[in-house]
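Okay, so here's the structure we're looking at.
In our numbering, the protein residues as written are 9 to 120.
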């Protein structure tokens with residue numbers, strides 16, 4: 009996904025999708041912060057291709073931490089900006105291997 013902060017609020021410019029580093033670099037014309045669990049090879053490719061346009065936070069700032077998510081949720085809660093918990097669903101860029109489509113026939117004994 010691609011986000012931009014405008015007037016102190018984050019806005020999603022592009023939805024979540026799978027791409028390559030090369031394609032991502034082609035679309036990056038401004039200085040951009042790259043977040044997440046980046047491999048050393050991905051960091052090398054981003055910095056060698058984009059130079060100063062690639063801002064890579066320190067490894068500790070790129071780690072998944074439940075406290076960061078809790079803080080973002082708390083900020084939304086204070087603003088009374090929340091979702092209906094009964095309708096929330098995870099976003100998968102790739103289907104987990106355990107997932108079976110609802111309309112598929114049950115597994116046969118041979119498939120188990």
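Quick reminder that beta carbons are idealized off the backbone N, C-alpha and C, glycines included.
Please read these numbers as outputs of a predicted model, since none were measured by experiment.
Residue 86 - partner residues in DSSP beta bridges: In the chain shown, counting from the first residue as 1, residue 86 sits at position 78. According to DSSP, residue 86 bridges with nothing at all.
If you draw a straight line from the C-alpha of residue 16 to the C-alpha of residue 93, how long is it? Position 8 of the chain shown, counted from the start, is the residue given in the question as residue 16. Position 85 of the chain shown, counted from the start, is the residue given in the question as residue 93. So the two alpha carbons sit approximately 26 angstroms from each other.
Taking the alpha-carbon of residue 63 as reference, which of 27, 79, 42, 75 has the nearest alpha-carbon? Translated into the one-based positions of the chain shown, residue 63 becomes position 55. Here the closest residue by C-alpha is 42.
Rounded to whole angstroms, what's the CA-CA distance from residue 66 to residue 73? Just pull it up for me. Taking the chain shown and counting its residues from 1, one reaches residue 66 at position 58. Taking the chain shown and counting its residues from 1, one reaches residue 73 at position 65. C-alpha separation (whole angstroms): 14 angstroms.
Of the residues 10, 23, 18, 12, the one placed nearest residue 100, counting alpha carbons only: Mapped onto the chain shown, residue 100 falls at position 92. For residue 100, the closest of 10, 23, 18, 12 by C-alpha to C-alpha distance is 23.
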